[in-house]
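Under this note's numbering, think of the first position of the sequence shown as 40, with each following residue one higher. Scroll down for the structure; my scribbles are underneath it.
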Amino acid sequence: MTKRSQPITNAITGLSSLLRSTARPQAIFALLIAILLVAAPGAASLASATEHPSAFRAGASWAAAAPSGNNGFAGRLHAPWGLGQQPLPANAIDPTQTAHTIFQVSTINALLEGAYDGLITFGELRKHGDFGLGTFDTLDGEMVELDGKVYQIRSDGAVYPVPDTMTSPFAAITFFKADQTVVLDKPLTWNELEGYLDSLLPTGNIPYALRIDGEFEHIVARSVPSQSKPYLKLVDVVGGQSTFEFQNVKGTMVALRFPQYMDGLNVAGYHFHFIAQDRKAGGHVLRADLSDATIQIDNLYGFQMYLPDGGDFFSLDLTGDKGQDIVRVEQ
Ligand SMILES: [Zn+2]
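If you want it as structure tokens, here you go:
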């Protein structure tokens, strides 16, 4: 399903230089991986660099160089860049905002290995999305971004505002734009939740952002304490995690779901964080039973990954399957 062609190199080169130009100069080399997830035959587009003319050039050159006539690929690519000849395909990525694109810092496997040094400021990160989850420099708590506001739930259970100067070693965010909204007409237990959400998805083969607003009959969340060097691996840190339990609390779950084939880049399957409506509690969700809720689902067709240009990341052993570690850390 993934289409690759020579012109994609042009697009990636252009977008990489864009990201490099916006990064903290001493810390970041931006690698941009673009995966085209083609939901409908021939309907592919990619242009996900926020508010920057070079992305438009990269996209345009890609469109111009793409072979035409065999599947409608090139013709459809023109639409997002303003020629206006055809309606946007369902998976068109808004070139001004990166809607339907996930922007990710580092990888889950690097975090599992203890890469907790912040790589990008929240000021920069927020340019790439208004919704998502992650963590903070030194692994200092669970991160929720909702409606463009970033919250830090520390291991004391309290929620702190996040200044733009704070940094993140791992985060995945998007400009949330719901493709479907479902209002629950019955309670849903934790054991039923993932199966029910799966039943709403058009495919398991693309990532999703999910926003679940409602009342939670019971919720168990956790947070992790700030670490100092030499960093322990995440499986060893979660032994000292704090858990918080709430009954009948209103709030929002911010969730991502990645397909199995992206295991290692991010958490394959669902990953839920929670923030209470009064913004005074939250965390990484270990269990949630919903009394009632509105579920919004955003289909994601683009994926950008941002990696450090040195530091601990370069010496990590990122080979091998860390699936068992992820299970221990997430649950
Ligand atoms: Zn989490």
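Every residue, glycine too, gets a C-beta built ideally from N, C-alpha and C.
Any idea what DSSP makes of residue i, helix, strand or coil?
{"i": "Y300", "result": "helix"}
{"i": "G234", "result": "helix"}
{"i": "D351", "result": "helix"}
{"i": "A66", "result": "Bear in mind that a pLDDT of 39 at A66, under 50, signals an unreliable position, so the model cannot answer this."}
{"i": "D364", "result": "helix"}
{"i": "I147", "result": "helix"}
{"i": "L227", "result": "strand"}
{"i": "H117", "result": "Reliability fails at H117, whose pLDDT of 36 lies under 50, so the model's placement of it is uncertain and the value that follows must be treated cautiously. The answer is helix: DSSP assigns H117 an H, G or I state."}
{"i": "L329", "result": "strand"}
{"i": "L239", "result": "helix"}
Under a Cβ-count criterion, where at least 16 other Cβ atoms within 10 Å of its own Cβ denotes burial, should residue i be classed as buried or exposed?
{"i": "F311", "result": "buried"}
{"i": "E284", "result": "exposed"}
{"i": "G187", "result": "exposed"}
{"i": "F68", "result": "Note that F68 has pLDDT 40, beneath the 50 cutoff, so the model's placement of it is unreliable and the number below is only indicative. With fewer than 16 other Cβ atoms within 10 Å, it is exposed."}
{"i": "Q370", "result": "exposed"}
{"i": "G350", "result": "exposed"}
{"i": "S238", "result": "exposed"}
{"i": "N287", "result": "exposed"}
{"i": "K268", "result": "exposed"}
{"i": "G341", "result": "buried"}
{"i": "Q143", "result": "buried"}
{"i": "F409", "result": "Only positions 40 to 370 of the chain appear in the structure, and residue 409 is not among them; the question remains open."}
{"i": "N230", "result": "exposed"}
{"i": "P347", "result": "buried"}
{"i": "Q343", "result": "buried"}
{"i": "D337", "result": "buried"}
{"i": "G171", "result": "buried"}
{"i": "P241", "result": "exposed"}
{"i": "A62", "result": "Reliability of the predicted coordinates at A62 is poor, the pLDDT of 43 falling under 50, and no value is obtained from them."}
{"i": "G173", "result": "buried"}
{"i": "G157", "result": "buried"}
{"i": "T228", "result": "exposed"}
{"i": "T358", "result": "exposed"}
In whole angstroms, give me the CA-to-CA distance for residue i and residue j.
{"i": "K216", "j": "G308", "result": "20 Å"}
{"i": "K289", "j": "D360", "result": "37 Å"}
{"i": "S330", "j": "A149", "result": "36 Å"}
{"i": "V198", "j": "D169", "result": "18 Å"}
{"i": "T333", "j": "L249", "result": "10 Å"}
{"i": "I141", "j": "K225", "result": "31 Å"}
{"i": "E152", "j": "F313", "result": "24 Å"}
{"i": "D220", "j": "T177", "result": "In the sequence as displayed, the identity of residue 220 is Thr instead of Asp. The alpha-carbon atoms of T220 and T177 are separated by roughly 36 Å."}
{"i": "Q299", "j": "P202", "result": "34 Å"}
{"i": "Q280", "j": "G180", "result": "10 Å"}
{"i": "D356", "j": "V276", "result": "18 Å"}
{"i": "D252", "j": "E184", "result": "14 Å"}
{"i": "S262", "j": "A315", "result": "14 Å"}
{"i": "Q266", "j": "V293", "result": "25 Å"}
{"i": "D328", "j": "L295", "result": "18 Å"}
{"i": "F297", "j": "V222", "result": "23 Å"}
{"i": "T213", "j": "Y270", "result": "29 Å"}
{"i": "F161", "j": "K272", "result": "24 Å"}
{"i": "T146", "j": "D218", "result": "26 Å"}
{"i": "Y345", "j": "A211", "result": "10 Å"}
{"i": "A260", "j": "T291", "result": "13 Å"}
At a cut-off of 8 Å, is residue i close to ligand 3 when judged by its beta-carbon and the heavy atoms of the ligand?
{"i": "H323", "result": "Ligand 3 is absent from the structure shown, which contains only ligand 1."}
Worksheet item: Residue ranges of each beta strand (DSSP E) run of no fewer than 3 residues wholly in the segment 152-210, ordered along the chain?
Response: Whole beta strand (DSSP E) segments, 3+ residues: 170-174, 181-185, 188-192 and 198-200.
Discussion item. Which complete beta strand (DSSP E) runs does the segment 253-315 hold, if anything under 3 residues is left out?
Written reply: As summarised for the segment 253-315, the continuous beta strand (DSSP E) elements at least 3 residues long and confined to that stretch are 281-297 and 308-315, given in chain order.
Item to complete: Please confirm if the segment 313-321 is in contact with the segment 225-242, defined as three or more CB-CB distances below 8 Å between the two stretches.
Response: The segment 313-321, when compared against the segment 225-242, does not touch it at the 8 Å Cβ threshold.
Item to complete: Inspect the CB distances between the segment 250-257 and the segment 189-205 and report whether three or more fall short of 8 Å.
Response: Result no; under three Cβ-Cβ pairs closer than 8 Å.
Discussion item. Taking contact to mean 3 or more Cβ pairs, one atom from each stretch, closer than 8 Å, check whether the segment 295-309 and the segment 197-207 are in contact.
Written reply: No, the segment 295-309 does not touch the segment 197-207.
Discussion item. Assess contact between the segment 360-367 and the segment 162-178, defined as three or more Cβ pairs (one per stretch) separated by less than 8 Å. Is contact present?
Written reply: By the C-beta criterion, the segment 360-367 is judged not to be in contact with the segment 162-178, since fewer than 3 inter-stretch pairs fall below 8 Å.
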